Amino acid sequence: MMYAVLCYNNEEMVCGWSKEQDDAVMAALSKAHDKWEKSGKLKPSIRLLPTSAATTLHKQKDMVIDGPYAETKEALLGFYIIDVVSLEEGLEFARDLAKANPGGAYELRPIHMYNPGAPIDGAYEAERQYAK
Amino acid sequence: MTDLAWIDAALVSARPQVVAALLRYFRDLDAAEEAFQDACLRALKNWTVNGPPRDPTAWLIMVGRNAALDSVRKRSKQVAMPDEEKVSDVEDAETPMAERLDESQYRDDVLRLLFICCHPDLPPTQQIALALRIVSGLTVKQIARAFLVGEAAMEQRITRAKAKVAEAGVPFETPGAVERSERLAAVMAMIYLVFNEGYSAGPKDEARGGLADEAIRLGRLLLRMFSAEPEVMGLLALMLIQHSRAEARFDSQGAIVLLEDQDRSLWRANLIQEGLVIIEKAVRHQRTGPYLVQAAIAALHARAPKFEDTDWNGIDALYATLERLTPSPVITLNRAVAVSKTKGPQAALDMIEPLGDKLSGYFHFHGARGGLLLQLGRQKEAREAFDRAISLANTAAEAAHIRMHIDRLIAESKKARS
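Chains E and Y, in that order, are what the protein sequence lines are.
Per my numbering: the first sequence = residues 43 to 174.
Per my numbering: the second sequence = residues 5 to 422.
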């Protein structure tokens with residue numbers, strides 16, 4: 043079963059991390075990622091920019107609003123796609139992440155359709171331009 | 005991240021909202037701060053055992069307020085019989101309030117706190133000190149070190165600022181539209197001053213280095229409250245893009261590396277990306293302001309993969325807009341740098357020569373002028389300009405950079421003579 047693992051956390055806190063704190067969390071997470079990547083169960087993982095960078099289009103009146111759709115204390119800050127045999131295994135993945143990055147919540151949402159060939163290169167392209 | 009580090013980060017990020025809400029209850033800065041400290045101590049004890057609460061901010065507000073009420077109760081016990089029933093009635097009525105705090109309440113609270121710190125009666129130095137102490141929670145010692153004054157002097161500065169604010173009366177009514185926009189401008193100016201303190205500090209200046217991060221944090225906070233205000237977007241984008249270059253701006257010896265010589269792979273891509281997106285959002289509002297224009301200038305630099313690719317015509321045009329919005333010789337000076345790239349050093353020099361009177365005490369004027377004269381082969385005059393610049397340098401790194409030019413001039417003139 044494919045799951046999207048949606049990462050919710052206090053955005054003010056996560057965006058307030060210094061570069062050192064952020065690097066430390068990412069280093070801890072990447073250990074968990076490695077393990078699941080090796081078994082081929084971890085698909086794309088995506089980190090979202092802060093909600094202050096978001097724009098929302100309300101469809102009915104074609105109204106463009108600055109900011110995210112939902113103003114919540116815990117914002118959606120990123121998500122993973124995983125391919126696991128069971129919900130139990132999905133939870134195991136989420137627990138591995140939680141050890142590296144406590145606080146907030148992971149929502150496991152089953153995926154109806156996954157299109158692995160579809161390009162998500164727009165973000166990568168900008169990234170590559172400045173990549174180390 | 006360890007649990008303790010997580011708790012620390014959570015306390016720091018919750019601070020503005022919690023102190024702001026406690027201020028609403030107590031209407032006194034010191035009482036609000038004390039209650040916050042109290043709540044933090046309880047959090048350290050409680051969260052390590054029970055795990056962090058779902059909403060740390062609401063938890064801290066409730067606990068901070070109750071702790072303060074408790075201590076009032078205890079104190080009154082020593083004086084007279086406490087009116088227990090009354091006190092607990094009040095508490096029962098108010099307990100669910102923290103839970104019901106919605107975003108608009110938070111927004112008003114934090115805004116009030118920021119407005120208080122940027123009270124028009126306070127000079128900018130006191131505004132910054134008060135904001136860093138109250139909103140950011142830096143210790144007096146940290147602030148004193150950042151501004152190169154003694155701890156006692158800084159303590160006094162903050163105490164004086166608090167007294168002035170108390171005297172003026174804390175405004176608990178939501179300010180009207182005109183006052184609001186005036187105050188907002190003051191808050192933005194304060195945040196940008198904090199940023200520049202951090203930005204101008206060298207890499208080894210740990211006391212001031214964190215100020216840029218702090219200013220960005222405050223900028224994000226402000227944008228969350230004014231999510232459709234293009235100038236607030238401009239301010240945040242400007243700070244993000246400037247800060248993205250932090251690692252490239254100094255070499256391992258702490259010497260300044262100019263934009264043209266910077267290793268652009270050291271620029272932080274995520275900050276640039278965020279800045280660019282926010283500018284795009286702001287531009288949609290079709291209301292231009294100085295922060296947004298400055299952000300757009302920074303963005304043109306950020307977009308160039310190599311220095312040679314820089315869109316100097318675009319930068320020249322943006323500086324022209326900025327000159328129109330906020331006429332200032334410093335902006336003309338900056339524009340001249342772009343003009344030197346598009347029309348050559350002579351055109352740029354012609355532009356800045358008339359500024360000599362106004363900018364005679366300004367380091368960057370003499371530095372830039374020296375650079376242009378050097379490009380024109382007027383070594384002797386360049387040397388004089390650099391000498392003048394070095395005597396006006398604000399930091400060791402600035403002085404060292406000009407020194408490098410002078411040394412090169414000396415070496416060249418020796419070579420020419422031999």
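All C-beta atoms, glycine included, are put in the ideal place defined by N, C-alpha and C.
Note that the structure is a prediction, hence the values are computed from the model and not measured.
Proximity test, Cβ basis, 8 angstroms: residue i and chain E
i, result
"Y:E278", "yes"
"Y:I282", "yes"
"Y:K384", "no"
"Y:P349", "no"
"Y:K49", "no"
"Y:P56", "yes"
"Y:L8", "no"
"Y:V16", "yes"
"Y:D59", "yes"
"Y:A71", "no"
"Y:A300", "no"
"Y:A389", "no"
"Y:A232", "yes"
"Y:M101", "With a pLDDT of 47 at Y:M101, under the threshold of 50, the modelled position of that residue is not reliable, and no figure is offered here."
First and last residue of the uninterrupted beta strand (DSSP E) at residue i
i, result
"Y:A250", "Run containing Y:A250: none; DSSP gives neither H nor E here."
"E:M175", "Only positions 43 to 174 of chain E appear in the structure, and residue 175 of chain E is not among them; the question remains open."
"E:T97", "97-100"
"E:S87", "84-89"
Contact set for residue i: own chain, Cβ-Cβ below 8 angstroms, skip 5 residues either direction
i, result
"Y:I11", "A47, L48, W51, T52, P56"
"Y:L15", "C44, A47, P60, L64"
"E:V67", "W59, A142, N143"
Best match in the options for proximity to residue i [C-alpha to C-alpha]
i, options, result
"E:A187", "E:A74, E:E53, E:M44, E:M43", "With chain E represented from 43 up to 174, any question about residue 187 of chain E goes unanswered, as that position is not in the structure."
"Y:C44", "Y:L413, Y:I245, Y:W63", "Y:W63"
"Y:D112", "Y:V23, Y:I132, Y:K347", "Y:V23"
"Y:A148", "Y:S140, Y:A157, Y:G141", "Y:A157"
"Y:N217", "Y:P333, Y:N200, Y:K208, Y:F230", "In the sequence under discussion, the amino acid at residue 217 of chain Y is Asp, which differs from the Asn named in the question. Ranking the options by Cα distance to Y:D217, first place goes to Y:N200."
"Y:S395", "Y:S231, Y:D411, Y:K419, Y:H370", "Y:H370"
"E:V126", "E:H154, E:L118, E:G82, E:G120", "E:G82"
"Y:D354", "Y:P128, Y:L322, Y:S204, Y:L380", "Y:L380"
Continuous alpha helix (DSSP H) stretch holding residue i: start and end
i, result
"Y:A259", "Where Y:A259 is concerned, there is no enclosing alpha helix (DSSP H), given that its DSSP letter is neither H nor E."
"Y:K432", "Residue 432 of chain Y lies beyond the residue range present for chain Y, which begins at 5 and ends at 422; the question has no answer from this structure."
"Y:I132", "128-138"
"E:M68", "61-80"
"E:Y111", "Where E:Y111 is concerned, there is no enclosing alpha helix (DSSP H), given that its DSSP letter is neither H nor E."
"Y:I301", "294-307"
"E:Y156", "Where E:Y156 is concerned, there is no enclosing alpha helix (DSSP H), given that its DSSP letter is neither H nor E."
"E:G120", "Per DSSP, E:G120 belongs to no alpha helix (DSSP H); it is in the beta strand (DSSP E), 116-125."
"Y:S344", "333-346"
"Y:A397", "Unbroken run through Y:A397: none, as it is neither H nor E."
"Y:H368", "367-379"
"Y:P20", "7-30"
"E:N143", "Here E:N143 belongs to no alpha helix (DSSP H), and DSSP marks it neither H nor E."
"Y:C44", "33-54"
"Y:V144", "144-150"
"Y:R161", "155-172"
"Y:P349", "349-356"
"Y:W316", "316-329"
"Y:E233", "Looking at the DSSP string, Y:E233 is not in any alpha helix (DSSP H), and its letter there is neither H nor E."
"Y:K362", "That residue, Y:K362, is in no alpha helix (DSSP H); it is neither H nor E in DSSP."
"Y:K285", "273-287"
Close beta carbons around residue i, own chain, < 6 angstroms, minus the five adjacent residues each side
i, result
"Y:L118", "V191"
"Y:R387", "L413"
"E:E149", "L48"
"Y:D391", "none"
"Y:L222", "I195"
Residues of its chain near residue i, where Cβ-Cβ distance is below 7 angstroms and the 5 sequence neighbours each way are ignored
i, result
"Y:R272", "S248"
"Y:E385", "L377"
"Y:I276", "I245, S248, A306"
Within-8 angstroms CB hit, residue i to chain Y
i, result
"E:M55", "yes"
"E:L133", "no"
"E:A95", "yes"
"E:A118", "This sequence places Leu at residue 118 of chain E; Ala is not what is there. Judged by the 8 angstroms Cβ criterion, E:L118 is not in contact with chain Y."
"E:K115", "yes"
"E:Q63", "yes"
"E:N52", "yes"
"E:L91", "yes"
"E:S81", "no"
"E:S87", "no"
"E:D76", "no"
"E:D104", "no"
Residues from the stretch 357-377 of chain Y in contact with chain E, defined by Cβ distance under 8 angstroms: none
Please list, in chain order, the residues of the stretch 196-229 of chain Y that have any C-beta partner in chain E closer than 8 angstroms. G214, D217, R221, R224, L225, L227, R228
Pull out every residue of the stretch 129-158 of chain E whose Cβ sits closer than 8 angstroms to any Cβ of chain Y, in chain order. A142, N143, P144, G145
At a Cβ cut of 8 angstroms, what residues of the stretch 305-333 of chain Y count as close to chain E, listed as they run along the chain? From the stretch 305-333 of chain Y, only P309 have a Cβ closer than 8 angstroms to chain E.
Which residues of the stretch 252-273 of chain Y have a Cβ closer than 9 angstroms to any Cβ of chain B? Give them in chain order. Of the protein chains in this structure, namely E and Y, none is chain B.
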